[in-house]
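Numbering (this note's numbering), first residue to last: 1012 to 1347.
In this text, a Cβ means the ideal position worked out from N, Cα and C, and glycines have one as well.
Have a look at the structure below before the remarks.
Written as structure tokens, this is what we have:
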């Protein structure tokens, strides 16, 4: 039995995603019976992605307002610095805690689609670094929806597609040029009625996305770990359902293992850089004190202070080398 109800197609992309999204938007048919939602990792600055998508394809594209009803045949782009969530056919915008070091993040959108659209949800993971979207695609599959992933060999950045492939049983892994026709075919074919019960953990986690800080939601889906949140310093809880391996803190931050490792690397580098600066400032102060001692004719005191300053400067140089090594490893993907 099929349903005439429209699908929701949720698309997530990061590095290399603008060109991928423009290609996809240009190939979607004007009459596609689906709501299309897009998350691209962007900073808090303004974005012209809707204008770009409108110029490339036949579908209208816009940043939705909070509470806006979503209509088939349009593309709704998560605004900068806001998670885009679905409450049935209503858009909800949230400035809640970052997930996978991003806001907007892909996982919250996919999770909300899984809960409220069930078998009518389609998740699409495109090019990007790290692994945002992996937990979301697993949620969509757990709720009976459809999972589509760009072929990693075809992606500018293959990490996100590879992570999605590892997280769930994927329905289609396609080159970018084949994804739009596949989505159009899905939308026109209709969907099966729900065949699997909705996992309760998805509703609990979505409540956190919608702003609930009731610890019972977290305690029902995760166990406390020995790790701390790189964003707020609070205790992290390890989510029980895997893959992918994930963590959450009580203030709402959420991480896949890959994004957590990247966040830890960023925090480590910040601490190392702070240590280099602090050591050099101490050395500079000591050198000024040495100059004063020399000016008063206290040669012994000046020599003692100079030795201390030289020691601190050497320590700063050693720490700087360690920082450069950490940054080099991160650039090579060592932190993910």
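- Rounded to whole angstroms, residue 1155 and residue 1331 show a C-alpha spacing of 51 Å.
- Beyond the five residues adjoining it in sequence on each side, residue 1023 comes within less than 6 Å, by CB distance, of 1050, 1117, 1136, 1144 in the same chain, given in chain order.
- Contact check for residue 1081 and residue 1087: beta-carbon distance about 6 Å, within the 8 Å limit, so the pair qualifies.
- For residue 1217 and residue 1230, the gap between their C-alpha atoms comes out near 14 Å.
- Short of 6 Å from the beta carbon of residue 1132, and not among the five residues preceding or following it, lie these beta carbons of its own chain, in chain order: 1019, 1124, 1125, 1151, 1156.
- Judged by DSSP secondary structure, residue 1250 falls outside any alpha helix (DSSP H) and instead within the beta strand (DSSP E) spanning 1246-1250.
- The beta carbon of residue 1166 sits closer than 6 Å to the beta carbons of 1138, 1172 from its chain, once the five residues preceding and following it are set aside; these are given in chain order.
- Taking the C-beta atoms as reference points, residue 1185 is found nearer than 8 Å to residue 1159.
- Pairing residue 1273 with residue 1181, the inter-Cα distance amounts to about 26 Å.
- The stretch 1246-1254 and the stretch 1295-1310 do not touch, with fewer than three beta-carbon pairs separated by less than 8 Å.
- Listed as beta-bridge partners of residue 1257 by DSSP are 1267.
- Sequence-distant partners of residue 1279 (beyond 5 residues in either direction) whose C-beta falls short of 8 Å from its own C-beta, in its chain, are 1337.
- Cβ-Cβ distances below 7 Å link residue 1193 to 1159, 1183, 1185 in the same chain, with the five nearest sequence neighbours on each side left out; the list follows chain order.
- For residue 1120, the enclosing alpha helix (DSSP H) starts and ends at 1117-1128.
- DSSP lists 1080, 1098 as the beta-bridge partner residues of residue 1101.
- Just so you know, the alpha carbons of residue 1212 and residue 1233 end up roughly 10 Å apart.
- Fewer than three pairs of CB atoms, one per stretch, sit closer than 8 Å, so the stretch 1100-1114 makes no contact with the stretch 1058-1073.
- Taken through DSSP and simplified to helix, strand or coil, residue 1189 comes out as helix.
- Nearest in C-alpha terms to residue 1093, of all of 1319, 1214, 1285, 1120, is 1120.
- One alpha carbon belongs to residue 1287, the other to residue 1327, and they sit about 5 Å apart.
- Setting aside the 5 residues that flank it on each side, residue 1163 is surrounded in the same chain by 1169, 1172, 1173, each with a C-beta closer than 6 Å to its C-beta; the list follows chain order.
- Counting only runs of at least 3 residues, the stretch 1012-1063 fully encloses the following beta strand (DSSP E) elements, listed from N- to C-terminal order: 1018-1024, 1045-1051.
- In this structure, residue 1191 sits near residue 1035, with a CB-CB distance shorter than 8 Å.
- Here residue 1211 carries a helix assignment [DSSP, helix/strand/coil].
- Per DSSP, residue 1156 lies in no beta strand (DSSP E) and is assigned neither H nor E.
- The C-alpha of residue 1209 lies about 22 Å from the C-alpha of residue 1197.
- In the three-state reduction of the DSSP assignment, residue 1167 falls in the coil class, being assigned neither a helical nor a strand state.
- Residue nearest to residue 1045 within the set 1199, 1176, 1146, 1063 is 1199 (criterion: CA-CA distance).
- Under the three-state reduction of DSSP, residue 1070 is assigned to coil, being neither helix nor strand.
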